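Residues in the sequence shown are numbered from 0 upward in steps of one, following numbering that gives the first Met the number 0. Glycine included, every Cβ here is placed at the ideal spot set by N, Cα and C. Predicted model only: the values in this text are computed from it and were never measured. Written below as structure tokens is the structure these notes are about.
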Amino acid sequence: MTATLDRPAAPGKAAVSVSVPAVVPALATPVVVFLFSSLLTFGLGALSPSNPAAAVLGETATPADIARMNHEFGLDRPFVVQYLDWLGSAFTGDLGRSYFTTIPVSDSIFAALPVDLALAGLAMLLAVLLGGGAGILAALRKGSRFDRAVTLVASALGTLPPFVIGIGLIVIFSVLLKALPAGGYVPLESGVGPWLRFAILPALALSLDTAAAIARQLRTSLVAQLGENYVTGAVVRGLGTRRVLFGHALRNAIGPALTVLGVGVPTVLGGAVVTEKIFNLPGLARLTLQAAAQHDVPVIQGTLLVTITVVLVCNTLINLALLRLTPQGRRSS
0 MTATLDRPAA
10 PGKAAVSVSV
20 PAVVPALATP
30 VVVFLFSSLL
40 TFGLGALSPS
50 NPAAAVLGET
60 ATPADIARMN
70 HEFGLDRPFV
80 VQYLDWLGSA
90 FTGDLGRSYF
100 TTIPVSDSIF
110 AALPVDLALA
120 GLAMLLAVLL
130 GGGAGILAAL
140 RKGSRFDRAV
150 TLVASALGTL
160 PPFVIGIGLI
170 VIFSVLLKAL
180 PAGGYVPLES
190 GVGPWLRFAI
200 LPALALSLDT
210 AAAIARQLRT
220 SLVAQLGENY
230 VTGAVVRGLG
240 TRRVLFGHAL
250 RNAIGPALTV
260 LGVGVPTVLG
270 GAVVTEKIFN
280 LPGLARLTLQ
290 AAAQHDVPVI
300 QGTLLVTITV
310 VLVCNTLINL
320 ALLRLTPQGR
330 RSS
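In structure tokens, the structure reads:
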């Protein structure tokens, strides 16, 4: 007998259930994507025309020196052997050592990763609060000036890249108002207040694009749900507006907004490359750029692998939420 996960149906609609096997594709797909992405990541580094041994030794290195260094790095082994060894070590947390500093790559990554995770988490929270709040209010006030203003502002923000928004925020809040620092970073361990003073501008710059997309999608889907017969029936039976909205309509309308949130995770991490440069943040993007400038292949491969893992974990959680919360997500699975 197949176990099921059930949730109460909206008024006037049949109950929807999803079998446990329906969750399997949501968990199996990220594994396949991770293996393919890891192979591609390692292949780009291993097949690069630049020779790490020659870069480390300098222009005065002889062919014999380069061959000896390639052997020490393990670059003279077959590609498949190198990849399997690297992937197996990665599962234990060993991502190799930097060619130039000899510092373990995992140490460098996990020193910078908290900055990105904290900023990305704050950016996603701001995107949900700003985009979700604006989308819900716009749907409730369909056709009003507020609704038109939300649509206009969301469309405008959707065309602006994070670095343009970041520069604008610096000009307004740092140069003109002198209310917030223009750059730098304070760890969260130093206190929420000091951390927030430095983190709010870059997080806001990263969040507005995703917030705009959430507002548009949520407004459109919620307007459609509020016009459904089950909402009219719930109102006729005397259910309160808040219960109808949050208990039924929003639950059925949230699918597109959750999908946008899943797409927003790689967008936020990708935008962090430029945003960290603008705000002088010691994050993963800066580490990757420095490694790319030095052709430090293990660091580049390690940062890409960790970034891919973070994106896949976040998207998997969002897909599972779609399966649990929305009938659309259940049917698509």
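- Contact under 8 Å by Cβ, Gly336 with Pro193: No information on residue 336 is available, as it lies outside the stretch 0 to 332 that the chain covers here.
- Query: Who are the near neighbours of Pro265 in its chain, counting only those whose CB is closer than 6 Å to its CB and skipping five residues on each side?
  - Reply: Val310
Requested in this report: Determine the contact status of Met123 and Val262, defining contact as a CB-CB distance below 8 Å.
Outcome: no
request  = Could you give the DSSP three-state label for Pro180: helix, strand or coil?
outcome  = coil
Next on the checklist: Helix, strand or coil, according to DSSP, for Arg96 in the structure here?
Outcome noted: strand
- Message: With the cut-off set at 8 Å, would you say Ala256 and Leu195 are in Cβ contact?
- Response: no
Taking 8 Å as the threshold (C-beta atoms), are Leu125 and Leu156 in contact? no
Exercise. So, Thr308 versus Phe33, is the Cβ gap smaller than 8 Å?
Worked result: yes
Is DSSP giving Pro51 helix, strand or coil here? helix
Quiz item: How long is the line joining the alpha carbons of Val31 and Gly226, rounded to whole angstroms?
Solution: 40 Å
Local conformation of Pro193 per DSSP, three classes: helix
key: Whole-angstrom distance between Thr240 and Ala233, CA atom to CA atom   = 9 Å
Val149 beta carbon less than 8 Å from that of Ala214: yes
inquiry  = Whether or not the stretch 101-110 and the stretch 290-307 are in contact is what I'm after, with contact meaning three or more pairs of Cβ atoms, one per stretch, closer than 8 Å; do they touch?
reply    = yes
| task | With Ala155 as the anchor, note down where its alpha helix (DSSP H) starts and where it stops. | result | Arg144 to Leu156
- prompt: Since Ala335 and Val230 are thought to touch, with beta carbons under 8 Å apart, how far apart are those beta carbons, to the nearest angstrom?
  reply: Within the shown structure, residues of the chain are numbered from 0 to 332, placing residue 335 beyond reach of any answer.
> Quick one: what does DSSP say Pro421 is sitting in, helix, strand or coil?
Replying inline: Residue coverage of the chain in this structure runs from 0 to 332, which leaves residue 421 outside it and unanswerable.
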